[in-house]
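Report on the structure given below.
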Amino acid sequence: YEYELIEKIAEEVSKKINQTPLHIAEYPVGLETRISEVKTLLQIGPGEDIRVIGIYGLGGIGKTTIARALYNFIADQFEAASFLADIRESSNQRQDLPNNLRLLDWMEYPSSSFPSSFLPKKLAVLNLSRSRFAMQEPFKHLDTLTSLDLSYCEVLTKLPDFSGVPNLTELNLDYCTNLAEVHDSVGFLEKLVELRAYGCTKLKVFPSSIKMTSLQSLILNWCSSLQSFPSILGKMDNLMSISIEGTGIEQLPPSIGNLVGLQEFSMTSCLSLKELPESFDMLQNLRNLDIEGCPQFRSFLMKLRESGKSSPTFDNVKSLNLENCGLRDEDLPTIFYCFPKLSLLVLSGNYFVTLPSCIQEIQSLELLHLDSCNLLQEIPSIPPNIQYINARNCTSLSPRSSNLLLSQEIFEACELQVMVPGRRVPEWFDYCAKGEYLTFWAHQKFPVLIFCFVIEVEGGATEDTLNCEVQFSINGEDIYEMEMPQCFSKMVTDHVWIYDLRTHPTIQWHSLDSYLVDDWNQLEISCEKISGSSNMSVSWRGVHICKQEVNMENILFTDPELDLDSNTYSEEIEADSNATSEESTKSVQDFSNNLNDNCCDFENTESCDTISRQEEEWGERSKGKENSETASHNDIDQSDKKILMHMQPLESVTEDPIAPVCLEVIDTVKVVDYGSNTIVVDHSEKVQPRSQVKSLVEIPTVDDVEMEAFYASLEAETSVLHLSNNTIDVSKFANRVPSEATQNALKTLQDFLTRDFSLLLGPDEYNAMKATLEYLTNLPPGDGISLELRSLVIEVSRHFNHWSLDYTNESKKIEAATAKLLKVDELEEGLEANKAHFREVVCLENELRNELEYLEERKKELEEQIHAIKASISASESARKMVTYRKREIFGEAKILKNQRDELKEQVSWLKDEKELARKIQTNIRAEWSKLGEKFNRKLKSEL
3 YEYELIEKIA EEVSKKINQT PLHIAEYPVG LETRISEVKT LLQIGPGEDI
53 RVIGIYGLGG IGKTTIARAL YNFIADQFEA ASFLADIRES SNQRQDLPNN
103 LRLLDWMEYP SSSFPSSFLP KKLAVLNLSR SRFAMQEPFK HLDTLTSLDL
153 SYCEVLTKLP DFSGVPNLTE LNLDYCTNLA EVHDSVGFLE KLVELRAYGC
203 TKLKVFPSSI KMTSLQSLIL NWCSSLQSFP SILGKMDNLM SISIEGTGIE
253 QLPPSIGNLV GLQEFSMTSC LSLKELPESF DMLQNLRNLD IEGCPQFRSF
303 LMKLRESGKS SPTFDNVKSL NLENCGLRDE DLPTIFYCFP KLSLLVLSGN
353 YFVTLPSCIQ EIQSLELLHL DSCNLLQEIP SIPPNIQYIN ARNCTSLSPR
403 SSNLLLSQEI FEACELQVMV PGRRVPEWFD YCAKGEYLTF WAHQKFPVLI
453 FCFVIEVEGG ATEDTLNCEV QFSINGEDIY EMEMPQCFSK MVTDHVWIYD
503 LRTHPTIQWH SLDSYLVDDW NQLEISCEKI SGSSNMSVSW RGVHICKQEV
553 NMENILFTDP ELDLDSNTYS EEIEADSNAT SEESTKSVQD FSNNLNDNCC
603 DFENTESCDT ISRQEEEWGE RSKGKENSET ASHNDIDQSD KKILMHMQPL
653 ESVTEDPIAP VCLEVIDTVK VVDYGSNTIV VDHSEKVQPR SQVKSLVEIP
703 TVDDVEMEAF YASLEAETSV LHLSNNTIDV SKFANRVPSE ATQNALKTLQ
753 DFLTRDFSLL LGPDEYNAMK ATLEYLTNLP PGDGISLELR SLVIEVSRHF
803 NHWSLDYTNE SKKIEAATAK LLKVDELEEG LEANKAHFRE VVCLENELRN
853 ELEYLEERKK ELEEQIHAIK ASISASESAR KMVTYRKREI FGEAKILKNQ
903 RDELKEQVSW LKDEKELARK IQTNIRAEWS KLGEKFNRKL KSEL
């Protein structure tokens, strides 16, 4: 104990002896009193880490003397201390900085370099963000430096040799927009933990190899000029996260497999990336993989399929984002097999038609995003533990798949949220209503609820986002509110959102019981639109009570205080609706039985073939007669109480999943048999808006004799037509008949010429078109097509090669121009907000200045209160300085925003012209392509 005491005394004495006090006047008047006052202000209170004291006054009255004396008094209490005098002059004259600094936090440092005498051998943290520091020479003798922040240093163009800072753990280069090169030595900083270079758009040269055993995070997002990813030298166990979003990287090195500890990898919008290396499947610790907007992922899946591995490849990945990767049906089984333990899967914006049933084998899957999969038709099953399905804008979904996602069985088996195109509240909901409020009554216990909201989009698609707030109230008291999810954006049609409140993480059901009284409780649910496009609204609301959680005797959907007579009208409507539904079902069943008895012999193959031919003929006839809408689960206009479709399964119709689809047009009634469901739609001779469609029409009985006579007449017409066509062909082209392969190629080319030109630029269509043209242009002279047709084929081939390139280039120009125009608008809004903020700060500064003037006048009049007035002046002065400093910051931000705005604004007219020209070129190409197709069709008809 004595030894420790002696050591402490020696340390204190040493500090006082080694300290060189600052010079002050020999006989300062009143200095001790003033120092005592300041010392009382230096007492740090609980929870404070730092305190700043400002000393203000006119020049020459002794402010610096007080500061020097105070420094001499407290300097020995700190391990290191520094007195920085005349900061304003130092920034302009580059006065020498003290070499004993350990932390230098100087945002907007005004010089491009440090003074030559500045050798801070103990410096640990250096922050020069938003400064003019150019780092023209390497750091030397900075072994203690651990953190370096050079973000937003716009004059920084090259990062020199970093071997002089071997202990660096953090390096921030975010938004160094002129940085073009990073020295190779950065790749060998073995103690570096985090390396950030977000938004360095001109960065082209990055270390070709890295060996950073301590690195945990590497961020290179939106370094759009960066084309290569460094090779990995040896195992890097600690690197857990890599993000290269929006870079120009063309390939990943085979050594990527050395990142054995990698858990997160984001490659969003890496459009230049050609393929993933085979060693990518060595990343066995991956948890989150984001490959959004990278179509080359399909080639990697093909390699996985061809490898034939017997065990899953990425069985630790929990989150997988494959949005806009161009996925097809054949890719999905491979994905589900290679990623068997997913909890989040994003498949939005892809081109598959069917979600395979093997997805139900992923028992851990909870969140599934399928939005904007425009070709998706079938969802035969869903995973057993799913909690969220987003099928927004999946406009091709079959009625069977939509009914599956909205079925009561699904929601009884899972606690689930679903978003799917639709216009009605499902029938299994206990109560639904229009308007802003939905009210019901509960007794004893707050029920477990499932909500349904129908989002209506009037007048077509919208790019806006609908923001709504759902509120709960009990007996008029608001108890809870929540916002709808942000997936309500860019909708192209009406949607149904079903939300099981048990999936909400913050709702505690048992706590809601405390708001209930012993009698009946009025529960009100409102959905209020906060913001969004004017053509978007919540048109219908529904509620379902989970029966297994509550006794339905304790639930009422009518006011218990009203007479029972008040419900008579509703009961009559419900009875009429049920009677109409039963009558409609009977009509459909009778007609379906007639069809099944007379035209569907499933055990007779010949009969099935005949039915298939008849279906084709019916389809052709119905196409020529009308373009009416096909009935789906959405075809209900509840506001006018007009029923267009019966949703109940029909027991008399076969449940066979391969049952054929039978169509017949009888007067104005169209019947569609979808295996287990029969749909009847009433159409008038002309196409009517949905609001004008009449109610369900009873189908007249059709006997076997009438049907057989009808089909016999169709067969006769078909036979005559075929005979006539064959006669013309033989008489005109008897001497030269193209081979079957050539005829098929010509028909394929004819089909392509009837399509929109933009549809031919997909990978599969483009390759098929090229192969067809190559075959036809290389035909030998004696293959049976005329010289004129051969010349026309060559003309088509030439124009297709030229126009496909032009069309693609013009599409890219449109996308680039649109993006920049949007950026101009964003910067304009940011600048307006900045100007408003600046004006507010100026007003606040003027108020504080006026207050200072007022306090100065009061000081002259009231000498007895001078101490209190000084304290107020001190506080106001500090506040004004902080506001002034913030004003300068805002002004700096305004200059940056203005420069960016001005740069893009100069290009606005050019961009608009470029965009308009591109659209005109595309329109001309479509027109010329259509003319060429018509010309080809005319020639082909004369040839074949």
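For my numbering, add 2 to where a residue sits in the sequence shown, where the first one is 1.
Where a beta carbon is used, it is the ideal one built from N, C-alpha and C, also for glycine.
CB-CB under 7 Å to Tyr353, same chain, minus the five flanking residues each way: which ones, in chain order?
-> As a position in the sequence shown, residue 353 is number 351, starting the count at 1. For Tyr353, where only same-chain residues beyond five positions count, the Cβ hits under 7 Å are Gly328, Leu329, Arg330, Leu377.
Kindly indicate which residue of Ala835, Glu817, Pro168, Arg851 has the alpha-carbon position closest to the one of Glu895.
-> Mapped onto the sequence shown, residue 895 falls at position 893. Comparing Cα positions, the closest option is Ala835.
When you compare only the Cα positions, how much space is there between Met538 and Thr508?
-> If you number the sequence shown from 1, residue 538 lands on position 536. If you number the sequence shown from 1, residue 508 lands on position 506. Cα-Cα distance, rounded: 28 Å.
Using the rule of at least 16 other Cβ atoms within 10 Å of the residue's Cβ for burial, across every protein chain shown, is Thr820 buried or exposed?
-> Here residue 820 corresponds to residue number 818 of the sequence shown, with the count starting at 1. Thr820 comes out exposed.
Same chain, Cβ closer than 6 Å to Val498, neighbours up to 5 away in sequence not counted | What you label residue 498 is simply residue 496 of the sequence shown in a count that begins at 1. Only Val422, Gly424, Val456 meet the Cβ criterion.
Alpha-carbon to alpha-carbon, Ser345 and Glu368 | Numbered from its first residue, the sequence shown carries residue 368 at position 366. Numbered from its first residue, the sequence shown carries residue 345 at position 343. Whole-angstrom Cα-Cα distance: 5 Å.
Under a three-way DSSP split, which group does Tyr111 fall into?
-> Here residue 111 is taken as the residue at index 109 of the sequence shown, counted from 1. Three-state result, Tyr111: coil.
Proximal residues to Glu719 (C-beta, below 7 Å), its chain only, five neighbours per side dropped | Walking along the sequence shown from the start, residue 719 turns up at place 717. Here the model assigns Glu719 a pLDDT of 44, short of 50, so the residue's position is not dependable and the matter cannot be decided.
Under 6 Å Cβ to Cβ from Lys889, same chain only, skipping five residues before and after it: list those, please.
-> Stepping through the sequence shown from its first residue, residue 889 is reached at position 887. Hits under 6 Å: Val843.
To which residues does DSSP link Asn290 through a beta bridge?
-> To locate residue 290, count along the sequence shown from 1; it is residue 288. Partner(s): Glu266, Ser321.
Smallest Cα separation from Lys207: which of Arg198, Gln229, Trp224, Tyr200?
-> If you number the sequence shown from 1, residue 207 lands on position 205. The sequence as given places Val at residue 207; Lys does not occur at that position. Looking at the Cα atoms, Gln229 is the closest of the given residues.
Leaving out five residues before and five after Pro428 in sequence, what residues of the same chain have Cβ atoms less than 6 Å from its Cβ?
-> As a position in the sequence shown, residue 428 is number 426, starting the count at 1. Leu408, listed in sequence order.
Out of Asp163, Met109, Pro168, which has the shortest C-alpha to C-alpha gap to Ala126?
-> As a position in the sequence shown, residue 126 is number 124, starting the count at 1. Answer by Cα proximity: Pro168.
Is it right to say Gln265 is buried, meaning 16 or more other beta carbons lie within 10 angstroms of its own, or is it exposed?
-> Your numbering for residue 265 matches position 263 in the sequence shown. With 16 or more neighbouring CB atoms inside 10 Å of its own CB, Gln265 falls in the buried class.
Closest residue to Leu324 among Gly351, Cys340, Glu332 (Cα-Cα distance) = The residue you call residue 324 lines up with position 322 of the sequence shown. Ranking the options by Cα distance to Leu324, first place goes to Gly351.
Distance CB(Phe267)-CB(Leu288) smaller than 9 Å | The residue you call residue 267 lines up with position 265 of the sequence shown. The residue you call residue 288 lines up with position 286 of the sequence shown. For Phe267 and Leu288, yes; Cβs fall inside 9 Å.
Is the Cβ-Cβ distance between Tyr390 and Gln419 less than 9 Å?
-> In the sequence shown, the residue the question calls residue 390 occupies position 388. In the sequence shown, the residue the question calls residue 419 occupies position 417. Result yes, Cβ atoms of Tyr390 and Gln419 sit closer than 9 Å.
At what residues does the beta strand (DSSP E) containing Cys327 begin and finish?
-> Start at 1 with the first residue of the sequence shown, and residue 327 comes out as number 325. Cys327 -> no beta strand (DSSP E), and no H or E assigned at all.
Identified DSSP bridge partners for Lys160 = In the sequence shown, residue 160 corresponds to position 158, counting from 1. DSSP, once it has assigned bridges, lists Glu183 as partnering Lys160.
Between Thr215 and Glu247, is the Cβ-Cβ spacing less than 9 Å?
-> Numbered from its first residue, the sequence shown carries residue 215 at position 213. Numbered from its first residue, the sequence shown carries residue 247 at position 245. Contact: no.
Tell me where the beta strand (DSSP E) around Gly544 begins and ends.
-> The sequence position of residue 544 within the sequence shown is 542, counting from 1. Gly544 -> beta strand (DSSP E) spans 538 to 547.
Mind checking whether Asp145 and Asn174 have CB atoms under 9 Å apart?
-> Position 143 of the sequence shown, counting from 1, holds the residue named residue 145. Position 172 of the sequence shown, counting from 1, holds the residue named residue 174. Not a contact, by the Cβ cut-off of 9 Å.
Classify Gln410 as helix, strand or coil using the three-state DSSP reduction.
-> Working through the sequence shown from its first residue, we reach residue 410 at position 408. Gln410 falls in the helix class under three-state DSSP.
Under 9 Å between the Cβ atoms of Gln909 and Lys822?
-> Here the question's residue 909 lines up with position 907 in the sequence shown. Here the question's residue 822 lines up with position 820 in the sequence shown. Yes, the pair counts as a contact, with Cβ atoms nearer than the cut-off.
Do Asn395 and Ala444 come within 9 Å of each other at the CB atom, strictly closer than that value?
-> If you number the sequence shown from 1, residue 444 lands on position 442. If you number the sequence shown from 1, residue 395 lands on position 393. Cβ atoms of Ala444 and Asn395: not closer than 9 Å.
Who are the Cβ neighbours of Ser233 in its own chain at under 7 Å, not counting the five residues just before and after it?
-> As a working mapping, residue 233 is identified with position 231 in the sequence shown. Cβ neighbours of Ser233 beyond the five flanking positions: Ser210, Ser211, Pro255, Ser257.
Identify which residue in Phe120, Glu139, Leu197 has its Cα closest to the Cα of Ser1.
-> Residue 1 is absent from the structure shown; the chain starts at 3 and stops at 946.
What residue range is occupied by the uninterrupted alpha helix (DSSP H) comprising Ala838?
-> To locate residue 838, count along the sequence shown from 1; it is residue 836. Per DSSP, Ala838 belongs to the alpha helix (DSSP H) from 789 to 863.
Contact set for Ser281: own chain, Cβ-Cβ below 7 Å, skip 5 residues either direction = Here residue 281 is taken as the residue at index 279 of the sequence shown, counted from 1. For Ser281, where only same-chain residues beyond five positions count, the Cβ hits under 7 Å are Pro256, Ile258, Gly259.
How is the beta strand (DSSP E) around Lys531 delimited, first residue to last?
-> As a working note, residue 531 is residue 529 in the sequence shown. Membership of Lys531 in the beta strand (DSSP E) is indicated by the continuous run 523 to 533.
Could you check which residue in Lys204, Ser383, Ser165 has the C-alpha nearest to that of Glu183?
-> For the purposes of this step, residue 183 is taken as the residue at position 181 of the sequence shown. Checked all of Lys204, Ser383, Ser165; the closest Cα to Glu183 is Lys204.
Glu879 versus Ala199 - alpha carbon distance = What you label residue 879 is simply residue 877 of the sequence shown in a count that begins at 1. What you label residue 199 is simply residue 197 of the sequence shown in a count that begins at 1. Rounded to the nearest angstrom, the two C-alpha atoms are 39 Å apart.
State the Cα-Cα distance for the pair Asp107 and Asp239, rounded to the nearest angstrom.
-> Within the sequence shown, the letter at position 105 stands for residue 107. Within the sequence shown, the letter at position 237 stands for residue 239. For Asp107 and Asp239, the distance between alpha carbons rounds to 33 Å.
Which two residues bound the contiguous beta strand (DSSP E) that contains Phe455?
-> On the sequence shown, residue 455 is found 453 positions in, with the first residue counted as 1. Element bounds for Phe455: 451 to 459.
Completely contained beta strand (DSSP E) runs for the segment 116 to 146, where each covers 3 or more residues = 127 to 129
If Thr397 and Thr495 are in contact, beta carbons under 8 Å, what's the gap, nearest whole angstrom?
-> For the purposes of this step, residue 397 is taken as the residue at position 395 of the sequence shown. For the purposes of this step, residue 495 is taken as the residue at position 493 of the sequence shown. Between Thr495 and Thr397 the Cβ distance is about 6 Å, and since that is below 8 Å, they are a contact.
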